[in-house]
Amino acid sequence: MALTTSPPADLAPAREAATDAAGLGRVRASAFVVPALVLIAIFLVYPALWTLYLGLTNYRLTGIAAARPQFVGLDNYVRALRDPEFLNSLWLTLLYVIGSAVIGQSILGFVLAATLRTVPRVVRGVVEAFVMLAWILPSSVVAFLWIALLDRDSGTVNALLGTPGMAWLLEYPMLSIIVFNTWRGTAFSMLLFSAALNAVPPSQLETARMVGASGWQQLRDVVFPHIRGHVLTNLLLISLWTFNDFAPYLITAGGPDNRSEILPVFVYESAIFDGQLGFGTAISLLMLLINLVLAVVYLRLLRERRS
Amino acid sequence: MSPRELVGRVGFYVLIAVITAFMALPVLWLLLAPFDRTPTLTTSLPEWTWQNFAGLLDNPYALASLGNSVLLALGSMVVVTVLGALAAYALSRVRIPGRDGLLYALLLLSSIVTGTAAMVPIFLLMFELNLIDSQLGVVLVLSGGLLPAAIFILKDFMDATPRSYEESARVFGAGPLQILRDIVLPVVRPGIATIAVWTVVNVWGNFLTPFILLRSPDKSPAAVVLYTFYTEGGQADLGLISAFSLLYSIPVVAMYVFVNRRYGFRFHGGIKR
Chain A
1 MALTTSPPAD LAPAREAATD AAGLGRVRAS AFVVPALVLI AIFLVYPALW TLYLGLTNYR
61 LTGIAAARPQ FVGLDNYVRA LRDPEFLNSL WLTLLYVIGS AVIGQSILGF VLAATLRTVP
121 RVVRGVVEAF VMLAWILPSS VVAFLWIALL DRDSGTVNAL LGTPGMAWLL EYPMLSIIVF
181 NTWRGTAFSM LLFSAALNAV PPSQLETARM VGASGWQQLR DVVFPHIRGH VLTNLLLISL
241 WTFNDFAPYL ITAGGPDNRS EILPVFVYES AIFDGQLGFG TAISLLMLLI NLVLAVVYLR
301 LLRERRS
Chain B
1 MSPRELVGRV GFYVLIAVIT AFMALPVLWL LLAPFDRTPT LTTSLPEWTW QNFAGLLDNP
61 YALASLGNSV LLALGSMVVV TVLGALAAYA LSRVRIPGRD GLLYALLLLS SIVTGTAAMV
121 PIFLLMFELN LIDSQLGVVL VLSGGLLPAA IFILKDFMDA TPRSYEESAR VFGAGPLQIL
181 RDIVLPVVRP GIATIAVWTV VNVWGNFLTP FILLRSPDKS PAAVVLYTFY TEGGQADLGL
241 ISAFSLLYSI PVVAMYVFVN RRYGFRFHGG IKR
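First to last, the protein sequences are chains A and B.
Under full-length UniProt numbering, the first residue of the first sequence carries the number 1, and numbering increases by one thereafter.
Under full-length UniProt numbering, the first residue of the second sequence carries the number 1, and numbering increases by one thereafter.
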């Protein structure tokens, strides 16, 4: 009762006390936060900032440049832009992200979300179980499953398609890893779209059907406007993850002849394997920047939707 | 049902059958080959045997690597849940200037600075810190990457717990640490469990970080050892690979099923790996 009659000015301190219900106080609160922040600062923030400097040096793991790395300015970047292997890798990465995430995962995920709504419970359970398995199994396991599946001599795919002796991983390395990643990551799109489709009011679909809209028209004019936000969220997240996906290395190791050498594999090969750390860092910085763009757009979108 | 509807219905189920076959085909090998007396790469019904699992005992690295995976996963789980819960609690209860901005910045950072994009500076940092070939190093790097999202999610859980419990405990003379241990922790246990499982699953499956940071095979986790089983020269031992893959996969699947049953599938936006 006293609270309702007191002037607003007295309310502020009372509310502040209420927030700190356990009587933590600022000093103890900081002691709680600092260990986590220190760990994050050393192993997350520092490496990111360090790339800005390292990319400008000729740092190597062994030899003279290891003892005294020299400042080489933008040389690494100039070299990267002229390096056909890097440009090839950039192009393959674009193919990989668009092929497996933007097209593969989101379309398959949407089809699954839309069709599984109308099938019997058992069927739905079985299909979803396999989709989830593909998503949660460790990457070294699924990589071998695909090596076995696509094997030239005794792979199950060749047995089923009647194409004995077809070496998929050597003939079509990019197609193979694109199909692989579509399989691997569809679960996320499926889950997101099933949640989204639940938000489409059935009455609107009913109306559209009554006025004779075709399936495609219903999808475009009724369903899509409701799930537009989800589509964008989904595209950004799966692009980000696919862009940072190292699993193809476990299947093709970037080969044959760098034909499936997407950026993560390229960075690994040039920096860790060949020891050109400065050059590798320059490429890493580029990856970080692309990640930054995708993540900023995503967070913006989230905030807009919340407000 | 008109003929046209019938065709549509049949087509619909054919579509579902094809997609299911596509999703299931790669996994069938994992379910069948470990129990086959003479496993090949082709998926086929097995001549039943357990000998492939017995064979794991003879390999010097197989079981030890699972032990290493447990060590890395539990180590990261302890670091992430303890530090994450402390930080989330403080951030939830005490008004620290710029808190929301800080949280957003951290979350943004953790989705940008992935193990893949930052592999070179992380490798160099560990090299300079003399933490190459150290399991502690792997735990620290992985924990640093998982902490921001963990804090973010845990803070949500903390925000949702009523403050009146803490206030009454305080009235009865409980200190802040006591309150945290006896009142807050039991209430946010589902949140802590979610984060613990999420951390274990992430670390358990992680390949790149231990692959880059560890040198000795006897320190490597199952993810890396399994990879060496099928890439090292000579005839691949399919009995060993299949049985080991299955054994290594079971914990993740079990944990997923557990979390899903217990708490339902939670959709935490951009947070999977």
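The beta carbon of each residue, even a glycine, is placed where N, CA and C say it ideally should be.
Contact set between B/F207 and chain A, taken where Cβ atoms lie within less than 9 Å: P138, S139, S140, A143, F246, A247, Y249 and L250
Exposure of A/D151, with buried meaning 16 or more beta-carbon neighbours within 10 Å: Buried.
Minimum Cβ-Cβ distance from A/S284 to chain B less than 9 Å: yes
Same chain, Cβ closer than 7 Å to A/N258, five either side skipped, listed in chain order: Answer for A/N258: E85 and N88, listed in chain order.
Rounded separation between A/W241 and A/L108 - CA only: 17 Å
Three or more C-beta pairs below 8 Å linking the stretch 202-217 of chain B and the stretch 123-133 of chain A: The answer is no - the stretch 123-133 of chain A does not touch the stretch 202-217 of chain B, with fewer than three Cβ pairs under 8 Å.
Cα-Cα separation, B/R170 to B/T161: 16 Å
Per-residue burial, A/T4 [other beta carbons within 10 Å of its own, 16 or more giving buried]: Confidence is the limiting factor: at A/T4 the pLDDT is only 34, short of 50, which leaves the residue's position unreliable, though a coordinate-based value still follows. Per the 10 Å Cβ criterion, exposed.
Three-state secondary structure (DSSP) of B/W48: strand
Under 8 Å by beta carbon: chain B residues contacting residue 348 of chain A: With chain A represented from 1 up to 307, any question about residue 348 of chain A goes unanswered, as that position is not in the structure.
Residue range of the unbroken alpha helix (DSSP H) whose run includes B/P3: Here the alpha helix (DSSP H) through B/P3 covers P3 to L32.
For B/N206 and B/L136, the rounded distance between their alpha carbons: 15 Å
Residue span of the alpha helix (DSSP H) that contains B/G205, given as start and end: R189 to G205
From A/P173, A/Y46 and A/G185, residue whose alpha carbon lies closest to that of B/L125: A/Y46
Short Cβ contact (9 Å threshold) for B/A236 with B/F53: no
Contact list for A/R117 against chain B, beta-carbon separation under 7 Å: By Cβ distance, chain B contributes nothing, its closest Cβ being about 12 Å from A/R117, past 7 Å.
Under the three-state DSSP convention, the category B/D36 falls into: strand
Separation of B/N202 from B/L32, as counted between CA atoms: 26 Å
Residues of the stretch 111-122 of chain B whose Cβ lies closer than 7 Å to any Cβ of chain A, in chain order: S111, I112, V113, T114, T116, A117, A118, M119, V120, P121 and I122
When A/N234, A/H226 and A/S189 are compared against A/Q204, the one with the closest alpha-carbon: A/H226
DSSP state of A/L299 mapped onto helix, strand, coil: helix
Interface residues of chain B facing A/A36 [CB-CB closer than 8 Å]: L83, G84, L86, A87, L147 and I151
Cross-chain neighbours of B/P46 in chain A, by beta carbon under 7 Å: Correct list: empty, because the minimum Cβ distance to chain A is about 14 Å.
Proximity test, Cβ basis, 9 Å: A/T186 and chain B: yes
Coil, strand or helix - A/T51 by DSSP: helix
C-beta neighbour in chain A for B/L30, strict 9 Å: Closer than 9 Å: yes.
Where A/T207 falls: helix, strand or coil (DSSP): In this structure, DSSP gives A/T207 a helical state, which the three-state scheme calls helix.
Cβ pair B/L106, A/I238 closer than 9 Å: Their beta carbons are not under 9 Å apart, which means B/L106 does not touch A/I238 by this criterion.
Backbone secondary structure at A/F188 - three-state DSSP: Note: A/F188 maps to helix in three-state DSSP.
Test: B/F217 CB closer than 9 Å to a CB of chain A: Reading the sequence as shown, one finds Pro at residue 217 of chain B and not Phe. Chain A, which has no Cβ nearer than 9 Å to the Cβ of B/P217, makes this no.
B/F172, DSSP secondary structure in three states: Judged by DSSP in its simplified three-state form, B/F172 adopts coil rather than helix or strand.
Where the alpha helix (DSSP H) through B/M119 begins and ends: M119 to E128
Assigned secondary structure, A/F71 (DSSP; H/G/I helix, E/B strand, else coil): strand
Counted within 10 angstroms of its Cβ, other Cβ atoms place A/D221 as buried (16 or more) or exposed: exposed
CB-CB length for B/P148 against B/S92, believed under 8 Å: So it is not a contact: roughly 15 Å between Cβ atoms.
Near-chain B residues of the stretch 43-54 of chain A (beta-carbon distance less than 9 Å), N- to C-terminal order: F43, L44, V45, Y46, P47, A48, L49, W50, T51 and L54
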